[in-house]
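Worksheet: one structure, shown below.
4 protein chains.
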Amino acid sequence: MKAVVYKGPYEVAVEEVDDPKIQDPTDVIVRITSTAICGSDLHMYEGRTDAEPGITFGHENMGIVEEVGSGVTTVKKSDRVVMPFNVACGFCDNCRAGKTGFCLTVNEPGTAGGAYGYVGMGPYPGGQAEMLRVPFADYNCVQLPKGEEHEQDFAMLADIFPTGYHATELAGVQVGETVAVYGAGPVGLMAAYSAQLKGASRVFVVDNVEHRLDLVKDLGAEPINFDNGDAAQQIHDAVQAYGVDRGIDAVGYQATEPSGEEQPAVVLNQLVDTVRHTGGLGIVGLYVPSDPGAPDEHSAKGELLFRIGRFFEKGQSMATGQADVKRYAHKLRDMIIAGRAKPGFVVSQELPLEDAPGAYEKFDNREPGYSKVLLQPGR
Amino acid sequence: MKAVVYKGPYEVAVEEVDDPKIQDPTDVIVRITSTAICGSDLHMYEGRTDAEPGITFGHENMGIVEEVGSGVTTVKKSDRVVMPFNVACGFCDNCRAGKTGFCLTVNEPGTAGGAYGYVGMGPYPGGQAEMLRVPFADYNCVQLPKGEEHEQDFAMLADIFPTGYHATELAGVQVGETVAVYGAGPVGLMAAYSAQLKGASRVFVVDNVEHRLDLVKDLGAEPINFDNGDAAQQIHDAVQAYGVDRGIDAVGYQATEPSGEEQPAVVLNQLVDTVRHTGGLGIVGLYVPSDPGAPDEHSAKGELLFRIGRFFEKGQSMATGQADVKRYAHKLRDMIIAGRAKPGFVVSQELPLEDAPGAYEKFDNREPGYSKVLLQPGR
Amino acid sequence: MKAVVYKGPYEVAVEEVDDPKIQDPTDVIVRITSTAICGSDLHMYEGRTDAEPGITFGHENMGIVEEVGSGVTTVKKSDRVVMPFNVACGFCDNCRAGKTGFCLTVNEPGTAGGAYGYVGMGPYPGGQAEMLRVPFADYNCVQLPKGEEHEQDFAMLADIFPTGYHATELAGVQVGETVAVYGAGPVGLMAAYSAQLKGASRVFVVDNVEHRLDLVKDLGAEPINFDNGDAAQQIHDAVQAYGVDRGIDAVGYQATEPSGEEQPAVVLNQLVDTVRHTGGLGIVGLYVPSDPGAPDEHSAKGELLFRIGRFFEKGQSMATGQADVKRYAHKLRDMIIAGRAKPGFVVSQELPLEDAPGAYEKFDNREPGYSKVLLQPGR
Amino acid sequence: MKAVVYKGPYEVAVEEVDDPKIQDPTDVIVRITSTAICGSDLHMYEGRTDAEPGITFGHENMGIVEEVGSGVTTVKKSDRVVMPFNVACGFCDNCRAGKTGFCLTVNEPGTAGGAYGYVGMGPYPGGQAEMLRVPFADYNCVQLPKGEEHEQDFAMLADIFPTGYHATELAGVQVGETVAVYGAGPVGLMAAYSAQLKGASRVFVVDNVEHRLDLVKDLGAEPINFDNGDAAQQIHDAVQAYGVDRGIDAVGYQATEPSGEEQPAVVLNQLVDTVRHTGGLGIVGLYVPSDPGAPDEHSAKGELLFRIGRFFEKGQSMATGQADVKRYAHKLRDMIIAGRAKPGFVVSQELPLEDAPGAYEKFDNREPGYSKVLLQPGR
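Protein chains in written order, with numbering that gives the first Met the number 0: chain A, 0 to 378; chain B, 0 to 378; chain C, 0 to 378; chain D, 0 to 378.
The structure is reproduced here in structure tokens:
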């Protein structure tokens with residue numbers, strides 16, 4: 000079959016690879032209909048990870064079940080399904096607690112969590128391909144209504160819609176509360192959108208890219224351009240109170256100052272200022288324990304100068320980690336089916352698999368209009 | 000009346016001061032029977048804060064109601080009461096949410112939280128004195144059974160028992176879980192004790208002072224001496240798992256390496272190692288936004304090198320802040336009355352008020368046996 | 000001043016009564032601008048309670064502060080405020096737990112909860128009058144932006160908006176869930192509206208009055224007419240699943256069969272059928288321990304034939320009780336200010352106080368268009 | 000192999016039956032070391048259910064894994080395991096929500112929940128036998144330390160310890176609260192014991208059998224004999240307050256009056272009286288939608304006269320249903336391993352499998368000393 004294969008820094012190719020096979024009785028094989036390119040794929044694409052050439056990318060996958068292992072109970076051939084990006088077993092301590100991003104079964108001992116097509120996340124080829132093997136299929140498939148309706152919306156269930164929603168859970172967003180989201184990329188937009196679905200009264204989104212801030216306005220949220228002055232101060236001025244109730248980091252360690260200089264802790268520390276006493280911070284922007292391209296030796300080890308003194312004085316809390324997609328995907332799917340959520344609005348392109356190399360290049364260059372690309376192998 | 004007055008670094012005196020008076024209809028005046036010296040009093044005593052000479056110390060107070068304002072409804076003359084150290088109104092947003100340590104009414108606009116006898120915590124003289132004015136008395140008094148029973152136990156309700164309990168709430172301790180507490184001082188012991196009351200399966204307490212570690216063993220918890228090797232590793236060896244479920248910081252920014260050198264972030268970063276993926280950290284050891292005696296310029300601003308990369312990778316959460324004593328004091332009182340909790344075991348001395356200067360000196364010198372001093376003015 | 004006074008069954012009059020006065024230092028006096036007639040006022044109006052002639056009605060009150068007691072801290076003369084219908088102290092065990100509908104201070108020993116202008120709810124005259132005394136004013140006033148904006152919306156904060164919201168809390172409504180509400184009166188509509196604000200995927204509302212069901216459709220919820228067949232079955236057919244996730248009773252003990260016959264347990268038992276295994280029931284429709292007008296001797300004592308066998312087999316839960324308005328009113332107010340909620344859509348009339356007798360009569364006769372009447376004394 | 004087979008009312012026999020076999024790749028076969036007789040087995044034994052002769056009893060099973068299907072990942076041959084009585088899949092909506100007693104996969108469409116050896120609970124033979132087939136073995140086995148230690152304690156993890164614990168979860172027991180348990184049988188004792196583990200301040204247990212009440216006293220809980228007067232009143236007298244915070248029904252529909260007469264709703268209604276305003280009721284005693292032996296036509300359909308009027312007035316909540324054993328078993332196991340819980344104290348006999356017929360007869364006759372029988376096939 001054809002698949003998007005990593006060839007080395009800034010290079011992917013669509014190549015013939017072996018078809019996936021049922022390896023365990025609990026596997027299914029899915030024929031991919033839509034598979035998205037994720038911002039986190041770019042970390043590998045740019046060569047800033049340990050990913051070796053030869054890996055097939057793709058962790059945001061949906062499609063039609065083609066083959067079913069003998070130990071699978073509820074998934075049937077020709078079912079339409081979307082797969083949470085985290086591979087998970089469903090029965091370990093973390094999965095049972097709903098922390099499916101930290102499955103203790105699917106990766107090496109001592110680590111937690113698996114994913115398709117991602118370095119360090121276990122032996123699971125990605126789904127930017129014609130076919131995908133899905134382990135523990137009863138758990139890792141989310142059933143969808145048959146047909147072609149909502150294809151873009153459902154594709155967002157594999158990662159960014161639940162990841163944005165997860166951010167609001169980590170931050171503890173409640174009905175009537177005010178929320179600030181740092182970062183107006185796809186995940187930041189999904190976080191703002193999720194906060195609105197949960198009944199937030201006001202949602203601010205901070206960025207300095209105008210076309211992203213336009214999308215914020217379209218959502219009915221309030222854009223804050225940090226080129227226009229301190230973001231925390233702008234938000235304080237708007238809410239006329241001790242700060243917002245909840246803050247979300249959808250940027251991570253590659254945060255930059257208005258000058259453009261990388262300053263890995265700047266968003267975290269801005270959040271401490273932005274959020275009121277006793278408020279909550281939800282961190283889904285990535286922080287890593289090892290970053291070879293970091294600006295200094297401490298950042299290289301994932302150690303950042305965090306304003307813990309002020310954080311403690313304000314009695315804040317902070318929760319982190321990659322999204323437990325499975326925990327949210329079913330109910331968010333129901334929102335899409337009921338017409339109450341349309342996360343597909345962030346999709347900017349639907350392209351055949353063959354167009355992956357160009358799409359990666361344009362997405363990596365942040366070309367205007369390349370916000371969220373769906374590859375559609377059957378197209 | 001007589002009161003313990005701060006005279007300057009390393010000096011307190013018992014002096015005559017004005018009797019407190021009913022200032023607002025919602026006040027009461029309490030005649031103090033027991034008032035404890037707290038580790039946090041030493042910050043002022045040592046001159047490491049902005050406290051000006053003349054302030055009366057004492058935020059762990061209990062006694063008998065002597066006079067009642069005309070707007071007080073449920074507190075009566077001669078009631079026996081203990082006062083949570085945080086002064087709180089009961090009706091602001093934070094108080095209604097149970098975050099009584101962050102009351103928005105009792106201190107300057109822009110700040111949150113008040114306390115008796117503490118610099119920066121509002122205009123409330125301390126209770127290391129014969130009498131104490133208690134504002135918003137219906138809210139700030141916790142009723143006790145009349146008589147003299149459980150005096151030591153009830154005195155612990157003003158601060159350290161609820162503070163230790165708060166640590167277990169911040170960390171999210173659940174029945175059957177394993178817990179590591181850093182620091183075997185009074186608050187650390189109360190945290191370990193609270194974890195046991197909540198049904199933790201195993202509780203580890205880390206310190207390097209032998210007589211404190213003996214108390215840990217007496218509690219039925221497991222002492223870890225960090226002079227014997229990396230504490231996190233010792234705990235990992237003991238639990239034979241990914242780490243403990245919950246971690247508690249009862250040390251704060253004056254943490255030291257085994258060498259004795261101050262390293263403000265060492266406990267925080269050890270906790271990240273000690274706790275399993277998706278586990279929770281509860282921070283009650285103090286971190287401050289400004290520390291003139293800090294070892295470096297960043298610590299002086301409360302900015303510490305925190306291992307956020309690993310923290311995020313493990314999907315951990317962290318909650319902080321001074322205890323919301325009022326939230327816990329009533330149920331913990333009921334545990335004492337029912338004979339199910341005896342937090343008074345940490346009390347090492349009961350002394351007349353006049354002995355305060357010597358007690359401060361010995362406590363500050365960490366003289367063996369001076370772990371928790373109760374001053375008893377009426378004695 | 001003028002007030003709406005109960006004269007006996009089916010009779011109220013607007014009469015001169017004594018002006019309210021500051022009785023306790025913690026009181027304020029409010030000049031009423033809007034005060035609504037509630038369905039529960041009709042119980043007294045119809046003579047189906049122990050209410051004695053002479054009582055002033057009115058528990059849904061808002062207005063402008065006119066006079067302030069010496070023990071009040073945050074409420075100022077000329078503040079615009081709305082008063083939760085439950086009178087509460089803010090400091091008893093129930094208030095501190097957010098159960099402000101069950102305050103242990105404001106009513107007779109052994110009872111719990113107080114209200115303005117309601118039989119058995121303590122010595123608090125109602126606000127269908129020019130002025131109202133508000134006890135524990137720092138707690139019982141909810142501050143509003145000055146001016147006249149959102150008058151109808153804010154008036155709904157005294158009772159029915161929080162009561163509808165409370166129903167969704169009791170039932171445990173979560174994002175993406177399906178909800179069935181029995182009863183399309185003002186409270187049922189507010190429950191459906193609240194479920195939507197919280198992100199329910201589908202909301203069904205059951206009634207058999209066409210103009211009420213039209214309002215359901217206007218909300219974007221799904222009307223179910225129980226004259227068209229078993230409501231539970233209609234809902235099962237619509238969701239094609241084990242039933243809805245959550246069910247709400249906004250009818251209470253005066254429930255009727257399609258025939259029109261009173262059958263006090265019919266809604267409760269329908270909910271057991273309508274809701275899936277492990278789902279939650281939120282009961283805000285009133286059930287009473289004593290009903291002289293009941294159809295049989297058991298109902299007269301508030302004992303109903305409840306399908307506990309099926310309820311248990313399905314592992315359902317049920318939570319009940321009058322709303323703890325204070326717990327919700329602040330955040331719901333913020334939703335109104337932010338333009339995210341407009342509960343005033345249920346208001347059908349704004350009338351001068353003098354029109355109260357006619358309004359009561361028409362409302363009691365269920366005259367079309369008399370869904371929610373606001374009396375406006377200053378008008 | 001040998002198994003305990005139901006022959007008809009009041010008759011079981013130990014007979015040869017077919018050995019269980021791996022039917023699905025996700026199955027394991029367990030050689031039983033301990034299997035308990037449960038009070039709920041007696042419903043079938045007495046012929047008060049639809050159970051047909053030929054069924055093998057036994058849903059409280061533990062043993063050693065003998066054979067492992069090809070789709071099983073973490074369970075290995077010779078592992079020592081205990082099986083929660085509910086058969087569950089781990090991946091359906093209810094299992095993922097922790098409601099494993101209501102699995103939507105393992106029984107007929109339209110029903111929820113499965114169990115070993117129980118009528119109506121799916122095609123799963125019981126474990127009062129030498130061997131047991133365990134479906135979805137990665138989910139349905141709880142791993143135990145190898146060896147023979149804690150055999151009695153671990154055997155209680157299959158049902159009654161988690162069921163007692165579940166009762167405290169349904170009731171919402173928190174640290175410092177007071178609890179009343181109706182019924183001092185094995186489940187009631189486990190509920191009282193669990194309440195203590197969770198830090199309840201006082202626990203009352205109501206029964207009228209002296210030797211059961213002695214066990215209550217041994218636990219450090221407070222026995223209430225309802226032959227000595229109204230149980231609710233006795234408890235009110237003891238707590239001197241509005242009632243206990245939480246109430247537990249460990250009796251169910253076969254409740255009796257002091258006279259000995261069956262009155263199915265008596266415990267439910269007593270709980271409404273016993274528990275304070277806003278308190279919680281946890282119902283694990285069984286209520287059934289169909290009871291052929293009921294005292295009247297309504298009870299026969301599971302419709303009982305419930306004091307809903309008073310329940311509502313007090314703003315109470317009630318949660319019900321069979322225990323979700325899997326949710327609790329792991330942490331309770333850890334409590335046993337850590338020496339913090341010893342639920343095996345309720346075991347009264349350890350007998351070879353062959354003694355089952357006599358044990359059933361004596362247990363059914365409530366012979367003194369036959370409180371909890373463990374059958375041990377390998378013995």
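Each residue gets a CB set at the ideal place from its N, CA and C atoms; glycine is no exception.
Item, Value
"Does DSSP put ALA293 of chain D in a helix, a strand or coil?", "coil"
"Anyone know if the C-beta pair for PRO124 of chain C and GLY116 of chain C falls short of 8 Å?", "yes"
"Between the stretch 290–309 of chain C and the stretch 291–303 of chain D, are three or more C-beta pairs nearer than 8 Å?", "yes"
"When DSSP builds the beta bridges, which residues end up paired with LYS1 of chain A?", "A:GLU15"
"Please work out which residues of its chain come closer than 6 Å, Cβ to Cβ, to ALA2 of chain C, disregarding the five sequence neighbours upstream and downstream, and give them in chain order.", "VAL16, THR55 and ALA128"
"Put LEU304 of chain D into one of helix, strand or coil per three-state DSSP.", "strand"
"Can you tell me whether ASP40 of chain D is buried or exposed, with buried defined as 16 or more other CB within 10 angstroms of its CB?", "buried"
"Opposite GLU261 of chain B in the DSSP bridges: which residues?", "B:THR255"
"Residues of chain C with CB closer than 8 Å to the CB of GLN321 of chain D, please, in chain order.", "GLY314"
"Answer with buried or exposed for GLN232 of chain D, where buried requires no fewer than 16 other C-beta atoms within 10 angstroms of its C-beta.", "exposed"
"If we require 4 or more residues per run, which alpha helix (DSSP H) segments fall completely within the stretch 23–63 of chain C?", "38–44"
"State buried or exposed for GLU168 of chain C, treating a residue as buried only when at least 16 other CB atoms are found within 10 Å of its CB.", "buried"
"Taking the alpha-carbon of ALA111 of chain D as reference, which of C:GLY278, C:VAL283 and C:PRO356 has the nearest alpha-carbon?", "C:GLY278"
"Using only the alpha-carbon positions, how far apart do THR48 of chain C and TYR252 of chain C sit?", "14 Å"
"Just reading off the beta strand (DSSP E) that SER316 of chain D is part of, what are its end residues?", "316–319"
"Nearest by alpha-carbon distance to SER347 of chain C: which of C:ALA322, C:LEU285, C:ASN139 and C:GLY368 is it?", "C:GLY368"
"Any contact between the stretch 218–234 of chain A and the stretch 155–162 of chain A? By contact I mean 3 or more CB pairs, one from each, below 8 Å.", "no"
"From the DSSP secondary-structure annotation, give me the bridge partner or partners of ALA199 of chain C.", "ALA199 of chain C is not bridged to any residue."
"Let me confirm a value: ARG365 of chain C is counted as buried when at least 16 other C-beta atoms fall within 10 Å, else exposed. Which label applies?", "exposed"
"In chain order, which alpha helix (DSSP H) runs of at least 4 residues are fully inside the stretch 145–228 of chain C?", "150–154, 159–170, 185–196 and 209–217"
"Within the continuous alpha helix (DSSP H) that includes ASP248 of chain A, where are the two ends?", "From DSSP, ASP248 of chain A is part of no alpha helix (DSSP H) but of the beta strand (DSSP E) over 243–248."
"Among the residues of its own chain, which have a CB less than 8 Å from the CB of VAL186 of chain C, if the five just before and after it don't count?", "GLY38, ILE159, THR162, GLY163, ALA166, ALA249, VAL283 and GLY284"
"Starting from LEU131 of chain D, follow its DSSP beta bridges and name the residues at the other end.", "D:VAL29"
"Alpha carbon to alpha carbon, how far is VAL118 of chain B from LEU131 of chain B?", "17 Å"
"Tell me the rounded alpha-carbon separation between ASP78 of chain D and VAL64 of chain D.", "5 Å"
"What is the DSSP secondary structure of VAL271 of chain B, reduced to helix, strand or coil?", "helix"
"Around the Cβ of HIS210 of chain A, are there at least 16 other Cβ atoms within 10 angstroms (buried) or fewer (exposed)?", "exposed"
"Starting from the beta carbon of PRO291 of chain B, find every residue of chain A whose beta carbon is closer than 8 Å, and list them in chain order.", "What PRO291 of chain B touches in chain A: nothing, since even the nearest Cβ is about 12 Å away."
"Among C:ASN93, C:LEU280 and C:TYR138, which one has its Cα closest to the Cα of THR319 of chain C?", "C:LEU280"
"With MET334 of chain B as the anchor, note down where its beta strand (DSSP E) starts and where it stops.", "Not the beta strand (DSSP E): MET334 of chain B falls in the alpha helix (DSSP H), residues 324–336."
"Just to confirm the assignment, what range does the beta strand (DSSP E) spanning VAL238 of chain B have?", "Here VAL238 of chain B belongs to no beta strand (DSSP E); instead the alpha helix (DSSP H) covers 230–238."
"Could you tell me which of A:THR34, A:LYS341 and A:ASP272 sits nearest to SER193 of chain A, measuring between CA atoms?", "A:LYS341"
"Give the straight-line distance between the Cα atoms of ALA358 of chain A and MET155 of chain C, rounded to the nearest whole angstrom.", "53 Å"
"Under DSSP, the beta strand (DSSP E) around GLU349 of chain D begins and ends at which residues?", "348–350"
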